[in-house]
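These notes concern the structure reproduced below.
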Amino acid sequence: MKKKQSYRYIDQAKKIIDQEQGTVLKDWGGKLPVALVWPNSYRVGMSSLALHIVYRLFNDEPDVVCERVFFGDQQAPHRDEPVMSIESQRRLDEFAVVAFTISYEMDYFNVVQMLRRAGFPILAEERDESWPLIIAGGPAVYTNPEPMAAIFDAIAIGEAEGIVPPLVDALWEISDAPRHEAYERLAQVDGMYVPTIHQGDQPVPRVWIKDIETRPTVTQIYTDRTEFGDRTLVEIARGCGRGCRFCMAGYVYRPMREMHLDTVLSLARHGLKHRDRIGLVSAAVSDHSWIDQIAIELRRMGARLTASSMRTDPISEPLIKGLAESGNQTLTIAPEAGSVRMRKVINKPQADDQIMHAVDLAAKYNFPQLKMYFMVGQPTETEADVEAIAQLALAARAIFPRNMAINATPYVPKSHTAFQWSAMMPVEVLESRVKYLQDRLNPNGVTVRSDSPAWAAVEGVLARGDRRLGRALARMRKVNLREWQRALEAEGLNQDEFLRERDVNEKLPWDSVTTGVSKAFFSWDLRRALRDDLTDACPPAGCLKCNACDEEWALRPNYQDALGPNMGAYGDNFIPLQV
Numbered sequence: 132m133k134k135k136q137s138y139r140y141i142d143q144a145k146k147i148i149d150q151e152q153g154t155v156l157k158d159w160g161g162k163l164p165v166a167l168v169w170p171n172s173y174r175v176g177m178s179s180l181a182l183h184i185v186y187r188l189f190n191d192e193p194d195v196v197c198e199r200v201f202f203g204d205q206q207a208p209h210r211d212e213p214v215m216s217i218e219s220q221r222r223l224d225e226f227a228v229v230a231f232t233i234s235y236e237m238d239y240f241n242v243v244q245m246l247r248r249a250g251f252p253i254l255a256e257e258r259d260e261s262w263p264l265i266i267a268g269g270p271a272v273y274t275n276p277e278p279m280a281a282i283f284d285a286i287a288i289g290e291a292e293g294i295v296p297p298l299v300d301a302l303w304e305i306s307d308a309p310r311h312e313a314y315e316r317l318a319q320v321d322g323m324y325v326p327t328i329h330q331g332d333q334p335v336p337r338v339w340i341k342d343i344e345t346r347p348t349v350t351q352i353y354t355d356r357t358e359f360g361d362r363t364l365v366e367i368a369r370g371c372g373r374g375c376r377f378c379m380a381g382y383v384y385r386p387m388r389e390m391h392l393d394t395v396l397s398l399a400r401h402g403l404k405h406r407d408r409i410g411l412v413s414a415a416v417s418d419h420s421w422i423d424q425i426a427i428e429l430r431r432m433g434a435r436l437t438a439s440s441m442r443t444d445p446i447s448e449p450l451i452k453g454l455a456e457s458g459n460q461t462l463t464i465a466p467e468a469g470s471v472r473m474r475k476v477i478n479k480p481q482a483d484d485q486i487m488h489a490v491d492l493a494a495k496y497n498f499p500q501l502k503m504y505f506m507v508g509q510p511t512e513t514e515a516d517v518e519a520i521a522q523l524a525l526a527a528r529a530i531f532p533r534n535m536a537i538n539a540t541p542y543v544p545k546s547h548t549a550f551q552w553s554a555m556m557p558v559e560v561l562e563s564r565v566k567y568l569q570d571r572l573n574p575n576g577v578t579v580r581s582d583s584p585a586w587a588a589v590e591g592v593l594a595r596g597d598r599r600l601g602r603a604l605a606r607m608r609k610v611n612l613r614e615w616q617r618a619l620e621a622e623g624l625n626q627d628e629f630l631r632e633r634d635v636n637e638k639l640p641w642d643s644v645t646t647g648v649s650k651a652f653f654s655w656d657l658r659r660a661l662r663d664d665l666t667d668a669c670p671p672a673g674c675l676k677c678n679a680c681d682e683e684w685a686l687r688p689n690y691q692d693a694l695g696p697n698m699g700a701y702g703d704n705f706i707p708l709q710v
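Everything in the sequence shown is counted per my numbering, starting at 132 for the first residue and increasing by one.
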């Protein structure tokens, strides 16, 4: 049976490679073999620019061969399926290093299932130097490595461009070393968190790069087998200075760094040789200081456009027009909260008229569908705030005549945000609020979608959990809520202890790493949130208030020379913060 499955996988992998452009195939002779693992399906993994950039970074090293591995059939994790690489169809245990890139906490379950299928001991303490080193990176583990600290040998804290080259040097040095010596050497690499050595007394600081233009993040491998197979993805900016209090990515990727207009157009010009559609990627595409010019110039080049995320304060009409002309079927906006008060609490002060202007544009340019993103269960939310979501959606419905949907996602507090101390709303309350919105809106032509509140609570545990969770995860052989509860109970753990409100003075599991913004700033910002006070956005020059910028960045000369004419998008928010 195993042979049949292996042959089937090898045949599938070869077909995948035949349909790809940009695959790196290297001879293994004299090279360090690295398995780059995305713990979810090929379709999901190849839709992520993060995987593309790490794949390129490793393979840019001449003495490294890096091959991709995916979670082949996540719908049937109990099946005895092979864990093999795409490029050469080698088993996971044939590599010297197994490097996971993890964007979502819920993929922790898949990590365990993959290691078990590959025959690996799940816990790091059970693996000696006869096993490959297992490391990880990505925003999920970067912001709180503790839930997976018992499983991984080392975890990268920060951005891959600044970590991979020195990490490769260290990996070569320890290729034949005993495990304890390997750990000691890895701990010397900036940004590498080694759980057996770092016990939280000396937090590991993140690594970040100041110039994202030196190694632009753009599609490396083209394949039709992804969500975005019809386009070239281009990262036009990294980070966000808006300061939405719920948004982990907005904080940990500070400061915002833009790709210059000329660089974006050059990358797009090259991408158009492969696909006629260009996907603009950043935390807030419409905040780019050159966004109007980018949209106009790309359309002149004949490109069709897509955009990953847009705000409505303001919204770029040239971009909306370009998206419509490019045949996009859906315009997506994210008010996140229905009431003005809640938008102050979360520090996303989009006015109702700005949101309605975006809806007007969706109607004006004849988008077939409008989608609006909201969250339920954010700190201080009341039933009146939930009703405000319904009212805002109905107001949009009165303007937009075609298909309309809202996502009412249960809010999950995350580490390294102003709400990192907040309690998660009980599952039954979340369920009732989602049902309320469904009952109010579905009969009025607005489809309401939501993630499972019960699984959102599991995500909340993994997002703010501690080192004890690794042993609970290692116990799981099936992924369902009952098995999860059994695993927690077997380790003497209770889900509620991780979802509770925390005191601002207590030691937090994720204090073992620093991601730029200081704990003092978050505490100050939380106090403002509880008073319904807004906090100003980051100034374009950077500053030294939240600690995300260093002096070299904040005091850099002539920074304004690189900024485009749309910098006024932030308006009066460009006021230095006073903490």
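A virtual CB, placed ideally from N, CA and C, is assigned to each residue, including glycine.
### Query
Is it the case that the Cβ atoms of residue 646 and residue 382 are separated by a distance below 8 Å?
For the purposes of this step, residue 646 is identified with residue 515 of the sequence shown, where counting begins at 1. For the purposes of this step, residue 382 is identified with residue 251 of the sequence shown, where counting begins at 1. Contact: yes.
Measure the alpha-carbon distance for residue 215 versus residue 158 and round it to whole angstroms.
In the sequence shown, the residue the question calls residue 215 occupies position 84. In the sequence shown, the residue the question calls residue 158 occupies position 27. Taking the straight line joining both Cα atoms gives about 17 Å.
query = Opposite residue 459 in the DSSP bridges: which residues?
reply = Numbered from 1 along the sequence shown, position 328 holds the residue referred to as residue 459. Beta-bridge pairing links residue 459 to no other residue.
Threshold first: 4 residues or longer. Then list the alpha helix (DSSP H) segments lying entirely within the stretch 605-641, N to C.
612-621 and 626-630
Query raised in the report: Using 8 Å as the threshold, is the stretch 358-376 in touch with the stretch 410-417, meaning 3 or more CB pairs across them?
Result: yes
Margin query: With three or more beta-carbon pairs closer than 8 Å as the criterion, would you say the stretch 571-585 touches the stretch 305-313?
Written below: no
Legend entry - Selected residue, minimal CA-CA separation from residue 615, among 631, 588 and 635: Locating residue 615 in the sequence shown gives position 484, counting from the first residue. Checked all of 631, 588 and 635; the closest Cα to residue 615 is 588.
### Task
Could you tell me whether the Cβ atoms of residue 505 and residue 537 are closer together than 8 Å?
Here residue 505 refers to the residue found at position 374 when the sequence shown is read from its first residue. Here residue 537 refers to the residue found at position 406 when the sequence shown is read from its first residue. Going by C-beta atoms, residue 505 is nearer than 8 Å to residue 537.
Exercise. Is it buried or exposed for residue 406, if we count other Cβ within 10 angstroms and need 16 for buried?
Worked result: Reading the sequence shown from its first residue, position 275 is the one you call residue 406. Residue 406 should be labelled buried.
Boundaries of the alpha helix (DSSP H) in which residue 690 is found, first to last residue: For the purposes of this step, residue 690 is identified with residue 559 of the sequence shown, where counting begins at 1. Where residue 690 is concerned, there is no enclosing alpha helix (DSSP H), given that its DSSP letter is neither H nor E.
**Prompt:** Which of the three DSSP states, helix, strand or coil, is assigned to residue 710?
**Reply:** As a first step, residue 710 must be located in the sequence shown, where it is residue number 579. Confidence in residue 710 is poor, its pLDDT being 38 and thus under 50, which makes the residue's placement too unreliable to answer from.
Three-state secondary structure assigned by DSSP to residue 384: Working through the sequence shown from its first residue, we reach residue 384 at position 253. In the structure shown, residue 384 sits in coil (DSSP, three-state: anything other than H, G, I, E or B).
Have a look at residue 498 and residue 294 and give me their C-alpha separation to the nearest angstrom.
-> As a position in the sequence shown, residue 498 is number 367, starting the count at 1. As a position in the sequence shown, residue 294 is number 163, starting the count at 1. Taking the straight line from one Cα to the other gives about 42 Å.
Note to self: Could you tell me which whole beta strand (DSSP E) segments of length 3 or greater appear in the stretch 523-566?
What the structure shows: 534-541
- Task: Determine the direct distance from the alpha carbon of residue 388 to that of residue 694, and round the result to whole angstroms.
- Result: On the sequence shown, position 563 is the one that residue 694 refers to. On the sequence shown, position 257 is the one that residue 388 refers to. Rounded to the nearest angstrom, the two C-alpha atoms are 10 Å apart.
message = Using only the alpha-carbon positions, how far apart do residue 208 and residue 241 sit?
response = Here residue 208 refers to the residue found at position 77 when the sequence shown is read from its first residue. Here residue 241 refers to the residue found at position 110 when the sequence shown is read from its first residue. The predicted position of residue 208 is uncertain, since its pLDDT is 44 and thus under 50; a value taken from the coordinates is nonetheless stated next. Near 8 Å, if we compare the C-alpha coordinates of residue 241 and residue 208.
Problem set entry | residue 744, buried or exposed, once every other Cβ within 10 Å from all chains shown has been counted against 16 | Past the edges of the chain, shown from 132 to 710, lies residue 744, and the structure says nothing about it.
Open item on the list: Output needed for residue 665: all residues of its chain with C-beta closer than 8 Å, excluding positions within five of it in sequence on either side, in chain order.
Closed with: What you label residue 665 is simply residue 534 of the sequence shown in a count that begins at 1. Correct list, in chain order: 475, 478, 480 and 659.
Checklist entry - Taking one C-beta from the stretch 324-343 and one from the stretch 282-294 each time, how about it: are there three or more such pairs within less than 8 Å? => result yes
Worksheet entry | Any 3 or more C-beta pairs closer than 8 Å across the stretch 335-349 and the stretch 500-514 | no
Requested in this report: Please report the residue range of the beta strand (DSSP E) in which residue 506 lies.
Outcome: By 1-based counting over the sequence shown, the position of residue 506 is 375. From DSSP, the beta strand (DSSP E) with residue 506 extends over 500-507.
Just to confirm my understanding: we take residue 422, look at its own chain, exclude 5 residues before and 5 after, and list those with CB closer than 7 Å. What are they? Working through the sequence shown from its first residue, we reach residue 422 at position 291. Excluding sequence neighbours, residue 422 sits near 416, 447, 450 and 697.
Can you check whether the CB of residue 409 is closer than 8 Å to the CB of residue 392? The count along the sequence shown starts at 1 and reaches residue 392 at position 261. The count along the sequence shown starts at 1 and reaches residue 409 at position 278. Going by C-beta atoms, residue 392 is not nearer than 8 Å to residue 409.
- prompt: Measuring CB to CB, does residue 501 end up less than 8 Å from residue 539?
  reply: Here the question's residue 501 lines up with position 370 in the sequence shown. Here the question's residue 539 lines up with position 408 in the sequence shown. No; because the gap between Cβ atoms is not below 8 Å, this pair is not in contact.
Alpha helix (DSSP H) containing residue 295: first to last residue? Looking up residue 295 in the sequence shown gives position 164. Taken as a continuous stretch (DSSP letters only), the alpha helix (DSSP H) holding residue 295 covers 291-304.
Open item on the list: Based on DSSP bridge pairs, tell me the residues matched to residue 432.
Closed with: In the sequence shown, counting from the first residue as 1, residue 432 sits at position 301. DSSP lists no partner for residue 432.
*asked:* Taking the straight line between their C-alpha atoms, what separation do you get for residue 490 and residue 385?
replied: By 1-based counting over the sequence shown, the position of residue 490 is 359. By 1-based counting over the sequence shown, the position of residue 385 is 254. The straight-line gap from Cα to Cα measures roughly 30 Å.
query = residue 534: which of 396, 494 and 685 sits nearest, CA to CA?
reply = Locating residue 534 in the sequence shown gives position 403, where the first residue counts as 1. Among 396, 494 and 685, the Cα nearest to that of residue 534 belongs to 494.
Handout entry: DSSP state of residue 437 mapped onto helix, strand, coil
Key = Within the sequence shown, the letter at position 306 stands for residue 437. In the structure shown, residue 437 sits in a strand (DSSP, three-state: E or B).
For residue 352 and residue 178, the rounded distance between their alpha carbons:
Counting from 1 along the sequence shown, the entry for residue 178 is found at position 47. Counting from 1 along the sequence shown, the entry for residue 352 is found at position 221. The alpha-carbon atoms of residue 178 and residue 352 are separated by roughly 10 Å.
Ordered list of beta strand (DSSP E) runs contained in the stretch 226-298, each at least 3 residues: 228-232, 264-268 and 285-287
### Message
With the cut-off set at 8 Å, would you say residue 306 and residue 434 are in Cβ contact?
### Response
The sequence position of residue 306 within the sequence shown is 175, counting from 1. The sequence position of residue 434 within the sequence shown is 303, counting from 1. Not closer than 8 Å, so no.
Check your understanding: To which residues of the same chain is residue 336 closer than 6 Å at the C-beta, ignoring the five residues directly before and after it?
Key -> Reading the sequence shown from its first residue, position 205 is the one you call residue 336. Hits under 6 Å: 645.
Report task. Give, in chain order, every unbroken run of the alpha helix (DSSP H) that is at least 4 residues long and sits entirely within the stretch 154-214. Result -> 173-176 and 180-190
Worksheet item: Less than 7 Å between the CB of residue 571 and some heavy atom of the ligand ATP, yes or no?
Response: Although the ligand ATP was asked about, the structure shown includes no ligands whatsoever.
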